[in-house]
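For the sequence shown, the UniProt record's numbering begins at 1 and goes up steadily by one. Glycine residues also receive a C-beta, built at the ideal position from the N, C-alpha and C atoms. If you're wondering where the values come from, they're calculated on a predicted model, not measured in any experiment. Report on the structure given below.
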Amino acid sequence: MARHTTARRWALALPATVVAAVAGGIALTPAGTVVQATAAPIAPAEADAPVQATTAAPTPAADTDTSVKGSSAPAKVSVRTLALGSASNPTGGARVSTAQPAGVPLAFTAEAAAELRVLRTAASGTPFSAIGVSWQRDPSLGRVSVAVRSRATTSAPWSSWTTAASGESDDRNGTNAVPADLREGPGLVWTDEAVAAEVVVTTVSGRQPVDVKVDLINPGVTASDAAAADVSAATASASPEAVAEAVASAAPAAPEGEEVASSDPLVPAAAAAPNPASYGNGVVKIYSRAAWGANAAYMKWTPKYASKVNAVVVHHTATSNNYTAAQVPAIIRSIYHYMAVTEKYGDMGYNVLIDRFGRVWEGRYGGLTRAVVAAHAGGFNSGTSGIGIIGDHTKVAVSAAAKEAVARYSAFKLGTAKANPTGTTSLTGGPSTKFKSKVTVKLPTIYPHQSTSSTACPGKYGMAIMSWVRTRAKTLVASYKLGTTIAVKPVVTKPTAKPTPKPTATPKPTPTVKPTPTTTPTAPPTAGPTTPVATANGTTVPAAGLTLYGAGFGHGRGMSQYGAKGAAKQGLSATKIVNFYYPGAALTAKGNPTLRVRLSAIDGGHFTFAPTSGTTVTGLVATAANGTTVALPARSGWHVARSGASYLIQEKVGTAWATAYTLAAPVTFSGPASLTVNYSAAKNDCRGGTSVTFNGSLTALVADNTARYVASMPVDTYLRGVVASEMPSSWSAAALQAQAIAARTYATAKITSSRYYDVIDTQANQCWDGKLSEAAATNAAITATAGKVLTVGGKVISAEFSSDSGGYTASGGVSYLPAKADPYTLAAESSATNWTKVLTPAQLAAVDGAAGLTKVTAVKVTKRTGFGRWGGRVETVQLTGTTAAGKVTTATVTGADFRTRLGLRSTYLGFTK
Numbered sequence: 001m002a003r004h005t006t007a008r009r010w011a012l013a014l015p016a017t018v019v020a021a022v023a024g025g026i027a028l029t030p031a032g033t034v035v036q037a038t039a040a041p042i043a044p045a046e047a048d049a050p051v052q053a054t055t056a057a058p059t060p061a062a063d064t065d066t067s068v069k070g071s072s073a074p075a076k077v078s079v080r081t082l083a084l085g086s087a088s089n090p091t092g093g094a095r096v097s098t099a100q101p102a103g104v105p106l107a108f109t110a111e112a113a114a115e116l117r118v119l120r121t122a123a124s125g126t127p128f129s130a131i132g133v134s135w136q137r138d139p140s141l142g143r144v145s146v147a148v149r150s151r152a153t154t155s156a157p158w159s160s161w162t163t164a165a166s167g168e169s170d171d172r173n174g175t176n177a178v179p180a181d182l183r184e185g186p187g188l189v190w191t192d193e194a195v196a197a198e199v200v201v202t203t204v205s206g207r208q209p210v211d212v213k214v215d216l217i218n219p220g221v222t223a224s225d226a227a228a229a230d231v232s233a234a235t236a237s238a239s240p241e242a243v244a245e246a247v248a249s250a251a252p253a254a255p256e257g258e259e260v261a262s263s264d265p266l267v268p269a270a271a272a273a274p275n276p277a278s279y280g281n282g283v284v285k286i287y288s289r290a291a292w293g294a295n296a297a298y299m300k301w302t303p304k305y306a307s308k309v310n311a312v313v314v315h316h317t318a319t320s321n322n323y324t325a326a327q328v329p330a331i332i333r334s335i336y337h338y339m340a341v342t343e344k345y346g347d348m349g350y351n352v353l354i355d356r357f358g359r360v361w362e363g364r365y366g367g368l369t370r371a372v373v374a375a376h377a378g379g380f381n382s383g384t385s386g387i388g389i390i391g392d393h394t395k396v397a398v399s400a401a402a403k404e405a406v407a408r409y410s411a412f413k414l415g416t417a418k419a420n421p422t423g424t425t426s427l428t429g430g431p432s433t434k435f436k437s438k439v440t441v442k443l444p445t446i447y448p449h450q451s452t453s454s455t456a457c458p459g460k461y462g463m464a465i466m467s468w469v470r471t472r473a474k475t476l477v478a479s480y481k482l483g484t485t486i487a488v489k490p491v492v493t494k495p496t497a498k499p500t501p502k503p504t505a506t507p508k509p510t511p512t513v514k515p516t517p518t519t520t521p522t523a524p525p526t527a528g529p530t531t532p533v534a535t536a537n538g539t540t541v542p543a544a545g546l547t548l549y550g551a552g553f554g555h556g557r558g559m560s561q562y563g564a565k566g567a568a569k570q571g572l573s574a575t576k577i578v579n580f581y582y583p584g585a586a587l588t589a590k591g592n593p594t595l596r597v598r599l600s601a602i603d604g605g606h607f608t609f610a611p612t613s614g615t616t617v618t619g620l621v622a623t624a625a626n627g628t629t630v631a632l633p634a635r636s637g638w639h640v641a642r643s644g645a646s647y648l649i650q651e652k653v654g655t656a657w658a659t660a661y662t663l664a665a666p667v668t669f670s671g672p673a674s675l676t677v678n679y680s681a682a683k684n685d686c687r688g689g690t691s692v693t694f695n696g697s698l699t700a701l702v703a704d705n706t707a708r709y710v711a712s713m714p715v716d717t718y719l720r721g722v723v724a725s726e727m728p729s730s731w732s733a734a735a736l737q738a739q740a741i742a743a744r745t746y747a748t749a750k751i752t753s754s755r756y757y758d759v760i761d762t763q764a765n766q767c768w769d770g771k772l773s774e775a776a777a778t779n780a781a782i783t784a785t786a787g788k789v790l791t792v793g794g795k796v797i798s799a800e801f802s803s804d805s806g807g808y809t810a811s812g813g814v815s816y817l818p819a820k821a822d823p824y825t826l827a828a829e830s831s832a833t834n835w836t837k838v839l840t841p842a843q844l845a846a847v848d849g850a851a852g853l854t855k856v857t858a859v860k861v862t863k864r865t866g867f868g869r870w871g872g873r874v875e876t877v878q879l880t881g882t883t884a885a886g887k888v889t890t891a892t893v894t895g896a897d898f899r900t901r902l903g904l905r906s907t908y909l910g911f912t913k
């Protein structure tokens, strides 16, 4: 299991109250003394009793239910439970305090100071990967905040605090009566491998949680864990924060043949773990409980069934987003233990779980073809099927693969029940945290958890997929003939996000126009016809594989970076280059406004100011929200960390950081010409390492109840960290100047007063690495074009650009981004302009996203853009093939999905040269 020192964010929605700090670390007692206690070795949780089921068989025929209680060789899950008691009766070395420990945040804004604390410390040298906190269920507790941090070794630094509020306790048996022994807590924290943890449980109601316990869980390993790693190489390189930016535009691709990665993972044909079984005529494949190593000994619940599934409820597990494919079985085992044993549900709460790679895993035991009553939506468990998307989607988008899997499972459960995925149903349930007992509620047949419970689940970005999932599921019900009489006109699946992030999400400033072919300057031969061609290419797939012929790298809209190189090679100036790629746009002087750059690598964390030169940080000034200004004395470094609505400014005392100042957020740091910021984790998808140096100021603020950090500087200063990242400084001055104009235009268009930052420092906008990549040639290009941006009608345009157009640009739907022949890209003689790729029948089958195809026999392009070679870029593709059961079927996908799922350089492709 990979080692990582950072506990991931896992917030659930419901707030609540009392404080217990625990386990495996050092905490302060009320008297301020340090307590160090030694913990006994971790022992197995309960007994690893003989398993009551057999291992999953090879892939069965469609709709053969392969549900099993557990694996024949379950993982040895080891758990150490720390019993803390309560504030009035602390046990096991617990300590009580009435003061919030310094630097420990709350999961919500407290109406009053927290009144009770239970603190406990203990050291543990035995690794664990998940932490579960729970207490005896008590609805009168009110708000309870839990903060957790961990460390990988006993000498490693502590991770940042992760906070969450307790969630509602769901009915484990499907009845409205709440079991007396039911426990509650905020959920599970996935820490990656750690040996020490601290937990702080805080209440503001004045009441005490009783029987507070902390489980340190080591989920063990199984053979299926190694098998699940098969998809690791296909995970996206883009950070979750880039996905959360959710821009509708695409970031420029790197011109040296390395394109910006998609925000969503590319799942290859060989997808992990023991064979999944097909359900719903092949609409979805589901891995059994045996595949993730379920231990049947933990199952203390007798399956119950409803007459049918009337609705599907979508949740997120509120755990880590950055997990690998190999970690998925262990994460599911940890969730299983927490729900089945810690919270005493007796089994998994969700009917199925879906990972970010689009794989569906059986959760609750009882049969995937039956209406199993689970424990996922208190008061509304009967007649519903619960999906748990593995991850926290309050700030991170759901991957395209996971979104597709949600739609497919929903189509399977609703289609076989003859329910309309876009319709509504009336459910009688309760009590829940939102409704009284026996209340009848009209709900969509696919609805989010928050519709029946007072929770934010499945998060902002989980909510964002609901409409798409309903429409997609309805199409799948019809396509797979799932026993419903719903009349559906087949539609083409649209991707969650563009396969290549665009530079900006700013609304287009001019009306959408139909692109028309245009004449081009005299230059090398053009790349194909200049009139629309509506062709549909098709071919059979040889057993040895299908050869695709492609052109270009990236989306193709706007400036081609290799085209800029080729144009400069032919003597065009920067002005003529941008005039060619953005026709109708005028170069306009806009000055050098201030730009705010969000530092994504430090989101939710803390950082240290380090000397840019010399051995001390000098001249640093901190200005608080209330106007308080502090001139910080020269020190070897200053550490900055959030504490509620304030920031702690700490100096080194010996080997530890000690708080010197506490200032109300936002706090702005300025003074030195350059600031150097060190942080603990290299999460930025454009900048490696754990440090960034830049010229400007830095503001520490709180947004979305999370620590955020924003660097402010003039636009042209920002460009020094962008242009050299986007284009080799060895290219000619005209090409570099054209890149500077395009990048400046993009950044200026993003300036807004509607949020706390203008751009993010990742490929979701433009890659920015501060002073790291600055070069004399790129700085000269910025100076030579100072203040110049492209406008239409006086408004700064969305100046998209990509690596290589393939000799024909793509339409951006506006007048200044037409589809047109691009001779300059051909003149650059780039290896990305023309390429080939051989795909096997099995690889092509994976494109459908688990539609049931195991072998593709024919591929047909059913729609193209109509401009360029082969009739233009691919918009829709139809795949024909066979399922595992030997059934011949077809699937239709968008050109964007075809490209993304196969890892192609562009959608500009054909079957002949």
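Burial state of residue i, where buried means 16 or more other Cβ atoms lie within 10 Å
i: residue 896; result: buried
i: residue 61; result: Since pLDDT at residue 61 reaches only 36, below the 50 mark, its modelled position is unreliable, and the value read off the structure follows with that caveat. Exposed, by the Cβ-count rule.
i: residue 829; result: exposed
i: residue 426; result: exposed
i: residue 893; result: buried
i: residue 130; result: buried
i: residue 157; result: exposed
i: residue 904; result: buried
i: residue 349; result: buried
i: residue 696; result: buried
i: residue 626; result: exposed
Among the options, nearest to residue i - alpha-carbon criterion
i: residue 889; options: 128, 282, 679; result: 282
i: residue 844; options: 900, 817, 834, 814; result: 900
i: residue 754; options: 703, 338, 551, 422; result: 703
i: residue 321; options: 831, 409, 355, 865; result: 355
i: residue 694; options: 770, 724, 749; result: 770
i: residue 861; options: 747, 539, 712, 795; result: 539
i: residue 374; options: 414, 302, 213, 697; result: 302
i: residue 857; options: 904, 545, 913, 668; result: 545
i: residue 326; options: 359, 352, 716; result: 359
i: residue 312; options: 290, 470, 873; result: 470
For residue i, three-class secondary structure by DSSP
i: residue 77; result: coil
i: residue 652; result: strand
i: residue 602; result: helix
i: residue 861; result: strand
i: residue 211; result: coil
i: residue 808; result: strand
i: residue 569; result: helix
i: residue 46; result: Summary for residue 46: the model assigns pLDDT 27, below 50, so the residue's position carries little reliability, and this model does not support an answer.
i: residue 579; result: helix
i: residue 790; result: strand
TODO: Scan the region 829–854 and note each continuous alpha helix (DSSP H) run of 4 residues or more that stays entirely inside, going in chain order.
DONE: 841–846
TODO: Could you tell me which uninterrupted beta strand (DSSP E) segments, each at least 3 residues in length, are contained entirely in the UniProt domain "Peptidoglycan recognition protein family" (284–432), listed from first to last along the chain?
DONE: 284–287, 311–316, 352–354, 360–362, 384–389, 424–429
Task: At least 3 beta-carbon pairs within less than 8 angstroms: the region 798–812 vs the region 550–564 - done: yes
Open item on the list: As an exercise, report each continuous alpha helix (DSSP H) stretch of at least 4 residues that is fully enclosed by the region 717–770, in chain order.
Closed with: 723–726, 733–750
Open item on the list: Count Cβ pairs between the region 305–318 and the region 275–293 that sit closer than 8 angstroms; are there 3 or more?
Closed with: no
Task: the region 748–768 touching the region 804–823, judged by at least three CB pairs closer than 8 angstroms - done: no
Open item on the list: For the pair the region 614–622 and the region 776–796, tell me if three or more CB-CB distances fall below 8 angstroms.
Closed with: no
Task: Three CB pairs or more closer than 8 angstroms across the region 821–838 and the region 591–604 - done: no
Open item on the list: With three or more C-beta pairs closer than 8 angstroms as the rule, is the region 340–349 touching the region 392–411?
Closed with: no
Open item on the list: Could you check whether the region 656–676 touches the region 181–200, counting it as contact only if at least three pairs of C-beta atoms, one from each stretch, sit closer than 8 angstroms?
Closed with: no
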